[in-house]
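Notes follow once the structure below has been shown.
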Amino acid sequence: MNLLHTNIFVPVSVVKDKPLQLIDVFDVSGKKTIVLDSHSSLLYLIVGSDIDIDVQIITKWPHCSCTIFGLFTSDAKHPVTWSLKVSLHHSHTSANVDLISFLQDGAKVAIDGSIDTAQHLDQVHGRLLEQNIVLGKNISLKTLPKLTVASHNVTAAHGANIDSLDQQKLFYMMSRGLTKKQSQTLLVNWYIDYVLGHFTDISDKEKHSVYKKLIK
């Protein structure tokens, strides 16, 4: 079964009692909606460059969960504007979200991630982390992780980091004969490998498509 789709904006329904693994690669603008039925689970990766994307994920019934990753790369010619909204409307639901951006020279990135929980819910979990990896100069970054919590029995956390690559690791690899660009690529690959490691049925061809989109 193919996990990876390119520029597909057709709405997706995750059916009752079933898990779904899905990878979307985007290089055009659009909007996508994913709805989870009861006792279903979603493992979802969005990959993009030069995009303006709006993704909404909605829990339709109790006892469902979603784990969401975003991998984005931007430079002066490839801006990224991305909005993700996860709506938890029922009890016994959870959302874990990790959004990672690689910021090259001249990058222009605006990321708006949010998890909203409705009123009077029980045993709901929401976590949202945005990581921005600085690889160049003259970067424009707007990031606004948000949690809207309207119930009492909820565990929730959110945050945003702006980091550079580990300078000691870069120095070590360059001292072994690699260029700075090659060393950066190896460290960026670590982030990509970490995310793709969650997808048990991904093919080598699909992995290659993800790397090709992200490594400039």
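If you want my numbering, it's the position in the sequence shown, counting the first as 1, plus 940.
For every residue, glycine included, the Cβ atom is placed at its ideal position computed from N, Cα and C.
Please read these numbers as outputs of a predicted model, since none were measured by experiment.
Am I right that residue i and residue j are in contact with their C-beta atoms under 8 Å? What's the rounded C-beta distance?
i            : j            : result
residue 1011 : residue 1154 : 6 Å
residue 1100 : residue 1079 : Incorrect: roughly 14 Å between the Cβ atoms, too far for contact.
residue 943  : residue 963  : 5 Å
residue 1005 : residue 1034 : 4 Å
For residue i and residue j, what's the separation of their Cα atoms in angstroms?
i            : j            : result
residue 1136 : residue 1036 : 16 Å
residue 998  : residue 1062 : 17 Å
residue 1076 : residue 966  : 23 Å
residue 1128 : residue 1023 : 23 Å
residue 1150 : residue 1089 : 34 Å
residue 970  : residue 993  : 5 Å
residue 1008 : residue 1052 : 14 Å
If you count every other CB in all the chains shown that lies within 10 Å of the CB of residue i, and 16 or more means buried, which is it?
i            : result
residue 946  : exposed
residue 1049 : buried
residue 1111 : exposed
residue 955  : exposed
residue 1138 : exposed
residue 1020 : buried
residue 995  : buried
residue 1142 : buried
residue 987  : buried
residue 1068 : buried
Since residue i sits in a beta bridge, which residues does DSSP pair it with?
i            : result
residue 1151 : According to DSSP, residue 1151 bridges with nothing at all.
residue 1108 : Paired residue(s): none; residue 1108 is not in a bridge.
If distances are taken between C-alpha atoms only, which option among the options comes closest to residue i?
i            : options                : result
residue 1162 : 1074, 957, 977         : No answer is possible for residue 1162: the residues shown for the chain start at 941 and end at 1156.
residue 1039 : 985, 1144, 1000, 973   : 985
residue 1017 : 989, 950, 1102, 1083   : 989
residue 1059 : 1093, 1074, 974        : 1093
residue 887  : 1105, 950, 1020        : This structure leaves residue 887 out entirely; the chain is present only between 941 and 1156.
residue 1104 : 995, 1025, 1043, 1006  : 1043
residue 1003 : 1025, 1045, 1019, 958  : 958
residue 1030 : 1065, 1051, 1144       : 1065
residue 1071 : 1056, 1000, 1113, 1013 : 1013
Looking at the ligand FAD, does it come within less than 7 Å of residue i, judged from the CB to the closest heavy atom?
i            : result
residue 1004 : Among the components of this structure there are no ligands whatsoever, and the ligand FAD is therefore not found.
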